[in-house]
Amino acid sequence: MSRDDERSETENASPALSGPFRYGDRVQLTGPKGRLNTITLIDGGEFHSHRGMIRHSELVGLPDGSVLRNSNDEEYLALRPLLSDFVMSMPRGAAIVYPKDAAQILSLADIFPGARVVEAGVGSGALSLHLLRGIGSEGRLFSFERRDEFAEIASSNIEAFSGSVPDNWSVTVGDLQEVLPATCEAGSIDRVVLDMLAPWECVGVAAEALKPGGVIICYVATVTQLSRVAEELRRSGLYTHPQASETMVRGWHVEGLAVRPDHRMVAHTGFLITARRLAPGTQLPQLKRRASKGEFTDEDMAAWMPDLVEGGESEWTPESIGQWSKSDKVLRKKAREAQKLAAQRASGSEDSAAGAAAEDGAPTAE
Ligand SMILES: C[S@@+](CC[C@H](N)C(=O)[O-])C[C@H]1O[C@@H](n2cnc3c(N)ncnc32)[C@H](O)[C@@H]1O
């Protein structure tokens, strides 16, 4: 095989997830001041900073986790970025699902290799990347997104991470309620994952798509959304009793005798709620419960969530649940950033891993 054949083979291949570095891989370099830079290795490529230069060829063949020196004899630590590193630094159009919640989603929804999964909305594609990893090459991920700009950002992010758009992934632009029935055959889906403002509106179409026993999981930012989706899951009669949780991860500082929780943490991201699809025509047996004083009336529910009762109204918007939304101009900028990242991945030019996430502030579900 000629050198050119070898090069085009490695450059076209997906980045390796382990083993010695090779052309086409992404490498995260940590410099003397702790600054991170992510580069994609290409034949003849060079990484330049004001501190000096490293040839990409010097990294090729080194084991992951190596230390090498730049042209100024300064040390750089070279590591393959983890999926969570990539997700936290990639361009964002919408708030992303953070790795701690993505991990719980994979577990609570029982995402398995070979699963056929529906996901909406796709947002920036953070959760899609985790789901793709969970289902493996035998699985199939159908993502849905009602806004074109977000679908574009997610596609570029997924392409940048995977090296190319995976064969087993598609994104359909449109409202899930309208486009799901035309995209996925009824009863053909193992798992439905919803991260959107009003998931209760999609409980019916999700049930139609799910196989009996399939799992629905919704990620919502506020207690009011959590309650609304729980009541709709119950009211539909199509699912088992829903189960809700939230995940708090507290980092620890562990150094010598200074062993204590970190001073800061991400205190709130969102809630997860799951239920299983009942077999068509099945009625859930009534749970035998002790009579409780906590029973509530329709009037109580109407006061809590006016849109749950007939004729009632309430307005669900990102702003009404306390969330920012980005202007079209900012979204176009984010789409350009994501396309640039995907192009850099293809050409091997440098990009910085730091900073992309910072301006988005705290994570929230829509
Ligand atoms: C918070 S974002 C999703 C973030 C994504 N899970 C991630 O990790 O990057 C919510 C997205 O849902 C989309 N959306 C809301 N309702 C939808 C619907 N009914 N059908 C399809 N997409 C919807 C919004 O346009 C938005 O992009």
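Numbering-wise (the UniProt record's numbering), the sequence shown opens with residue 1 and increments by one.
Ideal Cβ positions, reconstructed from N, Cα and C, are used throughout, including at glycine.
Can you have a look at residue i and say buried or exposed, based on whether 16 or more other CB atoms are within 10 angstroms of its CB?
{"i": "G19", "result": "exposed"}
{"i": "N72", "result": "exposed"}
{"i": "S156", "result": "buried"}
{"i": "E315", "result": "exposed"}
{"i": "L180", "result": "buried"}
{"i": "L257", "result": "exposed"}
{"i": "L331", "result": "buried"}
{"i": "residue 408", "result": "In this structure the chain extends from 1 to 366, so residue 408 is not present and cannot be described."}
{"i": "T364", "result": "For T364, the predicted structure reports a pLDDT of 41, less than 50, and the residue's modelled location is therefore unreliable. A value from the coordinates is still provided. The residue is buried, with at least 16 neighbouring Cβ atoms inside 10 Å."}
{"i": "E94", "result": "Per the sequence shown, residue 94 should be read as Ala rather than Glu. Answer is buried; the Cβ neighbour count reaches 16."}
{"i": "P166", "result": "buried"}
{"i": "E337", "result": "buried"}
{"i": "T317", "result": "exposed"}
{"i": "L226", "result": "buried"}
{"i": "S347", "result": "exposed"}
{"i": "K329", "result": "exposed"}
{"i": "W169", "result": "buried"}
{"i": "L17", "result": "exposed"}
{"i": "F150", "result": "buried"}
{"i": "G45", "result": "buried"}
{"i": "H50", "result": "exposed"}
Between residue i and residue j, which are expected to be in contact by the criterion C-beta below 8 Å, what is the C-beta distance as a whole number of angstroms?
{"i": "L59", "j": "L79", "result": "11 Å between Cβ atoms; not a contact."}
{"i": "P125", "j": "I111", "result": "Contrary to the premise, residue 125 reads as Gly rather than Pro in this sequence. That belief does not hold up - the Cβ atoms of G125 and I111 are roughly 16 Å apart, past 8 Å."}
{"i": "G61", "j": "F21", "result": "7 Å"}
{"i": "Y239", "j": "L272", "result": "Rounded, the Cβ-Cβ distance is 15 Å, inconsistent with contact."}
{"i": "V173", "j": "E201", "result": "Going by Cβ atoms, the distance from V173 to E201 rounds to 17 Å, so no, they are not a contact pair."}
{"i": "R191", "j": "G213", "result": "Not a contact, Cβ separation roughly 11 Å."}
Identify the residues that DSSP records as bridge partners of residue i: which are they?
{"i": "R69", "result": "E75"}
{"i": "L36", "result": "T30"}
{"i": "E46", "result": "R55"}
{"i": "F271", "result": "V220 and E246"}
{"i": "A258", "result": "E255"}
{"i": "Y239", "result": "R277"}
{"i": "V215", "result": "R191 and R276"}
{"i": "L210", "result": "I189"}
Any heavy atom of ligand 2 within a distance shorter than 7 Å of the CB on residue i?
{"i": "F150", "result": "You won't find ligand 2 in this model; what it holds is ligand 1."}
Indicate whether at least one CB of chain C lies closer than 8 Å to the CB of residue i.
{"i": "D262", "result": "Absence of chain C from the displayed structure is noted, only one protein chain being present."}
(message) My parser needs the beta strand (DSSP E) runs of 3 or more residues fully inside the segment 132-195; what are they?
(response) 140-145, 169-173 and 189-194
(message) To test your reading of the DSSP string, which unbroken alpha helix (DSSP H) runs of 4 or more residues are found completely within the segment 304-350?
(response) 328-347
(request) Could you pull out every unbroken alpha helix (DSSP H) segment of at least 4 residues lying fully inside the segment 74-134, listed in chain order? (result) 83-89 and 99-108
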